[in-house]
Each structure stands twice: as structure tokens, then as C-alpha cells.
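Notes follow once the structure below has been shown.
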Amino acid sequence: MKARVLVTLKSAVLDPQGKAIEGALRSLGVPGIASVRQGKVFDVELDGTDKDKAEATLKDACEKLLANTVIETYRIEFVG
Numbered sequence: 539m540k541a542r543v544l545v546t547l548k549s550a551v552l553d554p555q556g557k558a559i560e561g562a563l564r565s566l567g568v569p570g571i572a573s574v575r576q577g578k579v580f581d582v583e584l585d586g587t588d589k590d591k592a593e594a595t596l597k598d599a600c601e602k603l604l605a606n607t608v609i610e611t612y613r614i615e616f617v618g
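If you're matching positions, the sequence shown starts at 539 in our numbering and goes up one per residue.
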């Protein structure tokens with residue numbers, strides 16, 4: 539079973555890296571960019587076929603390591 543975990547900063551948290559990317563895109567002449575928020579993507583392959591168990595495992599991984607839940611949120615998507 540494959541899943542994707544998307545980790546982003548909470549909306550109330552400043553994102554200096556996103557602002558730097560936004561400024562760089564503007565200086566490169568890329569039109570239509572209103573704002574940029576930077577994040578992380580984890581593609582995870584899990585053993586088994588039980589989706590509920592896989593989701594619980596991924597939530598545990600996010601809470602323990604993949605996301606800093608004080609300043610970040612995460613979303614789990616199952617792929618394929």
C-alpha cells in the first residue's frame with residue numbers, strides 16, 4: 539500500500555523560506571504568483587492492505603517524527 543504524507547506550516551506560522559521562494563520567482567519574471575508556502579512530502583510504502591491500520595501507523599509516524607505538530611499540520615493521502 540502506498541501513501542503520501544504532506545506536511546505544511548500552520549497558517550499562523552511565518553514561512554521565511556516560502557517568502558524567499560516567492561521573491562525569487564518574482565525576480566525571475568514568473569507571472570501570477572501571489573504567495574508561496576513551503577512544505578515537505580513523504581512517499582511511504584506500507585506492508586499490508588488494511589487502510590485503517592496504515593492510517594494509524596502513519597499518524598503515529600507524523601506525531602513522532604515526520605511533523606512538528608506545534609508549528610506544522612499534516613495530511614495523509616493514499617495513492618493508487
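C-beta atoms are modelled at their ideal positions from N, C-alpha and C, and glycine is treated no differently.
Is residue 556 closer than 9 angstroms to residue 576 when the C-beta atoms are compared?
Taking the first residue of the sequence shown as position 1, residue 576 is located at position 38. Taking the first residue of the sequence shown as position 1, residue 556 is located at position 18. Judged by their CB atoms, residue 576 and residue 556 are nearer to each other than the 9 angstroms cut-off.
Measure the CB-CB distance between residue 541 and residue 608 and report whether it falls below 9 angstroms.
Translated into positions along the sequence shown, residue 541 becomes position 3. Translated into positions along the sequence shown, residue 608 becomes position 70. Cβ atoms of residue 541 and residue 608: not closer than 9 angstroms.
Is the beta carbon of residue 563 less than 9 angstroms from the beta carbon of residue 571?
By 1-based counting over the sequence shown, the position of residue 563 is 25. By 1-based counting over the sequence shown, the position of residue 571 is 33. Yes.
8 angstroms Cβ shell around residue 587 - same chain, five flanking residues per side excluded
Within the sequence shown, residue 587 is the residue found at index 49, counting from 1. Closer than 8 angstroms at Cβ, skipping near neighbours: 539.
Helix, strand or coil at residue 663 according to DSSP, with G and I counted as helix
Given that the chain is displayed from residue 539 to residue 618, the structure contains no residue 663 and the question cannot be resolved.
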